[in-house]
Amino acid sequence: MLIGREAERRVIEQLVAGARVGTAGVLLVTGEPGIGKTTLLDEAAATARGLRILRARGTEAERELPFGALLQLLRPALAGLDRIPGPQQSALTSALALGPATTADRFAVGAATLSLICRYAEEAPLALIVDDAHLLDRPSAEALLFAARRLVADPIVLLIAARAQEQHPLAEADLPVLHLAGVPLEAAQAILRGLPSELVEQLHSTVAGNPLALLELAADQDHLHRMPPGAPLPVPELIAEAFTTRANRLSSDARTALLVAALDDSELGAVARACQELGVDVATLQEAETAALVAIRDGEVQFRHPLVRSAIYASAAPAERRTAHRAVARVTVDADKRAWHLSEAVLGTDDEVAAGLDAAAEHAAVRGAHAVAATAYERAARLSEGLHDRAVRLVAAGEAAWSAGQADRADSLLDDALALQPPLQVRIGAQEVRGDIAVKCGSPSRARDILAAAAAECEDPAVATGLLADAVGACLRMCDAAAGLELAHHIDRLLPGVERPGPRIMGMLASGVAKVLAGQGGTSQIRAAVAMAPSVELDRDRRRQVWMVLAALFLRESGTGRGLLQQAMLERREQVALGTLPGLLFVLARDDATTDRWTDAMAAYDEGIRLSRETGQMTELAMNLAGLAWLSSHQGRAEGQDLATECLRICAEREIHLGTLWSLFALGDLELGRGAPALALPQYERLVDVLAANGLKDPDLSPAPELAEVYRRLGRTEDAERVAQEHTVLAEAKGQPWSLARAARARGVVGDNEQDFRQALAWHAETLDVFEAARTRLAYGAWLRRARRRVDARAQLRLAVEAFDALGAAGWADQAATELKATGETARRRVPSTADELTPQERQIALLLADGQSIREAAARLFLSPKTVEYHLRKVYAKLGIHSRTELAEQLKSGPFRT
223 MLIGREAERR
233 VIEQLVAGAR
243 VGTAGVLLVT
253 GEPGIGKTTL
263 LDEAAATARG
273 LRILRARGTE
283 AERELPFGAL
293 LQLLRPALAG
303 LDRIPGPQQS
313 ALTSALALGP
323 ATTADRFAVG
333 AATLSLICRY
343 AEEAPLALIV
353 DDAHLLDRPS
363 AEALLFAARR
373 LVADPIVLLI
383 AARAQEQHPL
393 AEADLPVLHL
403 AGVPLEAAQA
413 ILRGLPSELV
423 EQLHSTVAGN
433 PLALLELAAD
443 QDHLHRMPPG
453 APLPVPELIA
463 EAFTTRANRL
473 SSDARTALLV
483 AALDDSELGA
493 VARACQELGV
503 DVATLQEAET
513 AALVAIRDGE
523 VQFRHPLVRS
533 AIYASAAPAE
543 RRTAHRAVAR
553 VTVDADKRAW
563 HLSEAVLGTD
573 DEVAAGLDAA
583 AEHAAVRGAH
593 AVAATAYERA
603 ARLSEGLHDR
613 AVRLVAAGEA
623 AWSAGQADRA
633 DSLLDDALAL
643 QPPLQVRIGA
653 QEVRGDIAVK
663 CGSPSRARDI
673 LAAAAAECED
683 PAVATGLLAD
693 AVGACLRMCD
703 AAAGLELAHH
713 IDRLLPGVER
723 PGPRIMGMLA
733 SGVAKVLAGQ
743 GGTSQIRAAV
753 AMAPSVELDR
763 DRRRQVWMVL
773 AALFLRESGT
783 GRGLLQQAML
793 ERREQVALGT
803 LPGLLFVLAR
813 DDATTDRWTD
823 AMAAYDEGIR
833 LSRETGQMTE
843 LAMNLAGLAW
853 LSSHQGRAEG
863 QDLATECLRI
873 CAEREIHLGT
883 LWSLFALGDL
893 ELGRGAPALA
903 LPQYERLVDV
913 LAANGLKDPD
923 LSPAPELAEV
933 YRRLGRTEDA
943 ERVAQEHTVL
953 AEAKGQPWSL
963 ARAARARGVV
973 GDNEQDFRQA
983 LAWHAETLDV
993 FEAARTRLAY
1003 GAWLRRARRR
1013 VDARAQLRLA
1023 VEAFDALGAA
1033 GWADQAATEL
1043 KATGETARRR
1053 VPSTADELTP
1063 QERQIALLLA
1073 DGQSIREAAA
1083 RLFLSPKTVE
1093 YHLRKVYAKL
1103 GIHSRTELAE
1113 QLKSGPFRT
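Here our numbering is used: position 630 in the sequence shown is 852, and no number is missing along the way.
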């Protein structure tokens, strides 16, 4: 019976009731040991009538077993594995060791977990109950967290209990929390009915109402009388001391059997075999059962409370623990578990045990349990006799920790490896990972220095080229044109000696990009690389494949690389490589934003932002924020300013100057689109200063055409002419249509030559950028109106209004409509649609479904549950006033989604 928890029960009852009607609920229950978390979860399970229940409990003994807790939780639902998408099914069966091992992204298992529990909940509402979550193996906790964040409109309630003040993935997330304090005095009196009220008051005051401590100390009143008066004492220590005192009264054999049970998974047969190795009769566990320390049920030794297990282990002498671990290892069939036990039994180094842990680490990494792999590699390193083996394993540990998203831990492990002064190949591997960490989570300048230094040491031209390409990527983010150009020249010197297609293509792309940034050509090199035959080696390199799609954007041509971009994104979706998606989503969105696919771009940026936050990739977060700010500003959305402000803060902290440039561009464009050139001016001029400070000569990063227009509007004619002329020089040096079109428009705005506008439109025809073409038509139409050629002006301005309206660029459409009205014609404007009110996620779902994707296919692609997709689809229908997928397709075909 649950006493003193009426308010807490009501919270959980509401969540269970929500699950019954299809509203998901998640709750993390926290509190100190013994506070009643488990009892509350048991009560929830007992009252969840009509719900299917999946339960799991974390244990210290299985904390390093990859996905052990997830298997425990999902076991009853595994019959539905064949009903989830194929790549997810493969990832989950591999993770749970139920099928062939496949290399899995650490988030793929989370996506598969979400799909499986949603399938399981289709037959009846589902309650997921996870106790002692602070003891879950990290991969299981991360998979559970991934699913928890995406439960919205599903008949699922997820209840998690974890010890307060403990570090674990679920505590570090933003889940709803219910913190349990001690029960009130009235409840304590009900729990200890029959004891004198004065004693109950003393107990209640001493343990601050902790129910388990009340019961334990009430059973040992002599211990209570020996305690000093005053403030409440640390309850966990009190309870653990009580359990230890009780265990010390057992016979020596019973304590040994209890220690063995504390080490292993508590399966009675395994405990019996280990006890036999130690010459101990497992039947002595009956003493512990009589003492209420354990219960033996269904062939398992169940500890009364996790503190019993930890108290037994902590109170044993170190030699006793090592002896027990050796005994358990001798009877353990699973090689990985045996390696973990042997590692606890070793004093000093042991290469044989280290090799066993090495194998365990490899198995964990293949299954996507990278955090466990990192721990195994690290422990193997500490047990290695030779410095070379130790360094190699520390590097492997660092790489695994980085794959697990533990950047600080990875950096520390790699530093330890480098401190051993390992051989060159090992050292290069460590620096490559350190550089990748610095690029995505730290400082691009640090990454540039690390990678360039490693390349200088490297003797293999292909490996050195890859390192230098990564260094160029760092220079791109920090807009260091001079360093990037120097690296490009280094790459060019290496390329004749690079025979493998993958590194060769990557080197050409990186060199070309660096030269474009510095205004030193590079476009022909990019075009040649993109035209080369696809490289299987580069295709398999998830971290570097982005070069193939990023470099093509520097050309801004209508054909080059665009099919490749879509193919790469489709491949990543199919492989559920969520960890690599933020960067690819940014590139996809950037490409869409320079066409008429602004709705697609907004959805991709929005998803990139959400996934970047979830995966802790701050550099990709900044870039996606900058991209969405730029796009929002063109549409005149006020949130563009907030997005740019957040991006500028991140970029200032991490030297991500490219994000700074685009954010400043966004702030300037926002004001110019509102018709406020004076407010736009300081943003553009600050942007020019950043470009100059970093030696950037790529005309595509310059706001010169916008500045020329601002200066002209403000009456600063000489400044406008100067800026337009300087920009023309840079654009002609690059020689690409997009650059040349903007330069020609700038000349047309400040000059008196109609041919400049005609030339600009001709260059626009070779690009897909509808917005820039409309800007030119607006400027050209305004010029024609001032020249009193009203009929000619109307033709250009009508097209500008239509294009801006179709894109949702309301401010620019208004400006074009005003110019058109000045010619004597009223623009036919697009009627504002409720479709404009759709959120980016609703737009994304609508587009996928209109393109023929099923609910389940859309859910798998977006890492959502099918019910969540249905929930958003209902909102889309309501906003658009439609009732079917057919109507949705028609609406999107003719509405603002497609142009």
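Note that the Cβ used here is the ideal one computed from N, Cα and C, for glycine as well.
The structure displayed is predicted, hence computed values, not measured ones.
Is it right to say residue i is buried, meaning 16 or more other beta carbons lie within 10 angstroms of its own, or is it exposed?
i: Ala453; result: Only weak support is given to the placement of Ala453: the predicted model assigns it a pLDDT of 42, under 50, and the value that follows is read from those uncertain coordinates. Counting Cβ neighbours within 10 Å, Ala453 comes out exposed, since fewer than 16 surround it.
i: Gly1103; result: exposed
i: Lys304; result: What sits at residue 304 in the sequence shown is Asp, not Lys. Label assigned to Asp304: exposed.
i: Pro899; result: buried
i: Thr687; result: buried
i: Val798; result: Model confidence at Val798 stands at a pLDDT of 38, short of 50, so the residue's coordinates are unreliable; what they give is reported in the following sentence. Counting Cβ neighbours within 10 Å, Val798 comes out buried, since at least 16 surround it.
i: Thr335; result: buried
i: Leu273; result: buried
i: Val379; result: buried
i: Gln236; result: exposed
i: Pro921; result: buried
i: Met730; result: buried
i: Gln747; result: buried
i: Gly226; result: buried
i: Leu1114; result: buried
i: Pro666; result: buried
i: Arg601; result: buried
i: His986; result: buried
i: Gln958; result: buried
Do you know whose CA, among the options, lies nearest residue i's CA?
i: Asp702; options: Asp486, Arg668, Ala848, Ala1082; result: Arg668
i: Gly917; options: Glu254, Arg612, Cys697; result: Cys697
i: Arg1167; options: Pro921, Ser961, Leu903; result: Missing from the structure shown is residue 1167; the chain here goes from 223 to 1121 and no further.
i: Ala1025; options: Thr1045, Leu1000, Arg1011, Thr1048; result: Leu1000
i: Ala355; options: Glu284, Ala412, Arg1096; result: Glu284
i: Val648; options: Gly657, Leu636, Gly1030; result: Leu636
i: Ala484; options: Glu282, Val655, Cys873, Arg601; result: Glu282
i: Glu499; options: Leu460, Ala551, Glu459; result: Ala551
i: Ile723; options: Glu861, Ala750, Arg1010, Thr989; result: A small fix is needed here, since residue 723 is Pro in this sequence, not Ile. The residue with the shortest Cα to Cα distance from Pro723 is Ala750.
i: Ala603; options: Leu1095, Trp1034, Pro683, Val617; result: Val617
i: Ala1044; options: Gly1033, Ala1032, Trp1005, Leu1071; result: Trp1005
i: Pro433; options: Pro361, Leu262, Pro309, Ile275; result: Leu262
i: Met845; options: Val523, Gly957, Arg699; result: Arg699
i: Trp562; options: Pro361, Arg615, Val429, Tyr599; result: Tyr599
i: Ala496; options: Thr478, Asp396, Ala623, Ala513; result: Thr478
May I ask you to list the residues that DSSP assigns as paired with residue i?
i: Gly247; result: Val379
i: Ile518; result: Val523
i: Arg812; result: Partner(s): none; Arg812 has no beta bridge.
i: Thr252; result: Ala384, His401
i: Ile275; result: Ala349
Give a single yes or no on whether residue i has its beta carbon closer than 6 Å to a heavy atom of the ligand ZN.
i: Ala900; result: Because no ligand of any kind appears in the structure shown, any question about the ligand ZN cannot be addressed here.
Can you check whether the C-beta of residue i is within less than 7 Å of a C-beta belonging to chain B?
i: Ala239; result: In summary, chain B is missing from the structure at hand, where a single protein chain is found.
**Request:** Inspect the CB distances between the segment 526-533 and the segment 251-258 and report whether three or more fall short of 8 Å.
**Result:** yes
**Item:** Inter-stretch contact at 8 Å, needing at least 3 Cβ pairs: the segment 990-1005 / the segment 975-982
**Value:** yes
**Asked** Would you call the segment 1025-1038 and the segment 1059-1071 touching, i.e. three or more CB-CB distances under 8 Å?
**Response** no
**Item:** Contained beta strand (DSSP E) runs [length at least 3] in the segment 987-1033, N- to C-terminal order
**Value:** none
**Request:** Tell me, please, whether the segment 597-613 touches the segment 334-354 by the rule of three or more beta-carbon pairs shorter than 8 Å.
**Result:** no
**Prompt:** If you pair each beta-carbon of the segment 565-582 with each one of the segment 509-522, do three or more pairs fall below 8 Å?
**Reply:** no
**Request:** Determine, using beta-carbon pairs with one atom in the segment 808-827 and one in the segment 1099-1113, whether at least three such pairs fall under 8 Å.
**Result:** no
**Asked** At what residue ranges does the segment 474-561 contain a whole run of the alpha helix (DSSP H), taking only runs of 4 or more?
**Response** 474-485, 490-499, 507-512, 528-537, 540-553
**Message:** Using a Cβ distance threshold of 8 Å, determine whether the segment 1087-1095 contacts the segment 363-383, with at least three qualifying pairs required.
**Reply:** yes
**Unbroken stretches of the alpha helix (DSSP H), 4 residues or longer, contained in the segment 411-436** = 419-429
**Asked** Hey, is the segment 904-911 in contact with the segment 873-889, meaning 3+ C-beta pairs nearer than 8 Å?
**Response** yes
**Asked** Do the segment 584-598 and the segment 533-550 meet, that is, are 3 or more Cβ pairs less than 8 Å apart?
**Response** no
**Item:** Entirely enclosed alpha helix (DSSP H) segments - the segment 265-337, minimum 4 residues
**Value:** 290-296, 308-317
**Prompt:** Is it a yes or a no for the segment 420-431 touching the segment 383-398, going by three-plus beta-carbon pairs under 8 Å?
**Reply:** no
**Request:** Write down every uninterrupted run of the alpha helix (DSSP H) in the segment 633-720 whose length is 4 residues or greater and which is fully enclosed by it, in chain order.
**Result:** 646-663, 666-679, 683-700, 703-716
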